[in-house]
Each structure stands twice: as C-alpha cells, then as structure tokens.
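Residue numbers (our numbering): 861 to 1031. Ideal Cβ placement from N, Cα and C applies to all residues, glycine included. Reading through the structure tokens given below for one structure.
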C-alpha cells in the first residue's frame, strides 16, 4: 500500500467514525502546540523586553507582552478581546464539527485560524496580554507570535482553496 493510499484510507476511516474534517483537527492541534511551546520557551528563556538577534538588524527574538490585538490595537481593552478569541474559537470548532466535509484547503485554513485564535485567547484569559516574540526589524514590522502566523497561514489556505478548488456550477 502506497503512502498516499494509506493516508486516504486513514482519512476515510476517521470520517466513518464521525470525524468529517480530520485535517482541521490536525492543523488546530499542530498550530496550538507550536504556539504554546514557543511561548513557554520565550517566557522561560528571556526576560521581558530582552532581544536576541538571529540575523542582526533583520530578524530578532524579542520578548514583549501585548495587551491589545494585532499591532497593539485596542490596548487596554482586553476584556472584549478575550471573549472575541473564545467566540471565534468555539464558533469555528462547532461549525467544523457540524458542517459537511470541507475541502482540504478549508480544513487546513480554518484549523490554523482556530489554533491562532485559541492560542492568543489562552494568553488573554490567563494574563490579559499576549506573548509576542517574532521581530522582523528589516521592515519595522510589529512583534508577533506563532498564533498570529497561524491565523495568516489559515487565511492564505482559504484564499488558495477559493482560487484552485473547482466549485460545483450554480443552478
């Protein structure tokens, strides 16, 4: 049995057991683990505001805590952000659980978006702030984290799916 047919067999087996969108859950768990592990590493290995250049002037690890949303928008208004993260995460999980089978790109995309929203939501509920540490200085981009990356990767997956997956003709 080839690797591809074995993979398809496992996916069909999972669907028969009630897991219609298994790639969503793979992306959600992988993205969430990546986010949590890297944040714990940064909090353990760095002091707040400490920076370590990987490529001086281009890319650094810089430990900051963000009380707002992306790019520090809405700083000081964290209460509604934590509930928004929870609502997005729960809505995505319930929708994917109840929806018919999504295409591959949609499963990956929504799974990554879920992992990012849930990962940052965990931070917001635990401390009221999100741990950020990926610092692209070459383009003066705000410091961000793996959860933010997952949200953007998820959006790219959804766009690719919209462009490349054939849709049934509308009647």
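**Report entry** Rounded distance between the beta-carbons of residue 967 and residue 883, thought under 8 angstroms
**Finding:** 4 angstroms
Query raised in the report: Quick one, which of 917, 964, 949 has its alpha-carbon nearest residue 881's?
Result: 964
Report task. Quick one: grab the DSSP three-state call for residue 963. Result -> coil
**Report entry** Of the residues 890, 885, 895, 1016, the one placed nearest residue 982, counting alpha carbons only
**Finding:** 895
Query raised in the report: What's the call for residue 1060, buried or exposed, on a 16-neighbour Cβ count within 10 Å?
Result: Lying before the first or after the last residue shown, residue 1060 is absent from the chain, which here runs from 861 to 1031.
Query raised in the report: In three-state DSSP terms, what is residue 996?
Result: strand
**Report entry** Bridge partner(s) assigned by DSSP for residue 925
**Finding:** Partner(s): 991.
**Report entry** Burial state of residue 1023 (16 or more Cβ within 10 Å)
**Finding:** exposed
Query raised in the report: Could you give the distance in angstroms between the alpha-carbon of residue 957 and the alpha-carbon of residue 985?
Result: Cα atoms of residue 957 and residue 985: separation of roughly 24 angstroms, rounded to the nearest angstrom.
Requested in this report: Tell me, please, whether the region 984-1002 touches the region 914-924 by the rule of three or more beta-carbon pairs shorter than 8 angstroms.
Outcome: yes
Query raised in the report: In chain order, what residues of the same chain have a beta carbon less than 6 angstroms from the beta carbon of residue 1030, not counting five sequence neighbours either side?
Result: Confidence is the limiting factor: at residue 1030 the pLDDT is only 48, short of 50, which leaves the residue's position unreliable, though a coordinate-based value still follows. The answer is none, since no qualifying residue turns up.
Query raised in the report: When the distance is taken between beta carbons, is residue 970 closer than 7 angstroms to residue 952?
Result: yes
Query raised in the report: The beta strand (DSSP E) with residue 1019 in it runs from where to where?
Result: Not the beta strand (DSSP E): residue 1019 falls in the alpha helix (DSSP H), residues 1006-1024.
Report task. May I ask which residues mark the beginning and end of the alpha helix (DSSP H) holding residue 882? Result -> 882-905
Query raised in the report: Between which two residues does the beta strand (DSSP E) containing residue 908 stretch?
Result: Run containing residue 908: none; DSSP gives neither H nor E here.
Report task. Report buried or exposed for residue 987, applying the criterion of at least 16 other Cβ atoms within 10 angstroms of its Cβ. Result -> exposed
Report task. Might you give, ordered along the chain, the residues of its own chain that have their beta carbon closer than 6 angstroms to the beta carbon of residue 924, omitting 5 neighbours on each side? Result -> 992, 1003
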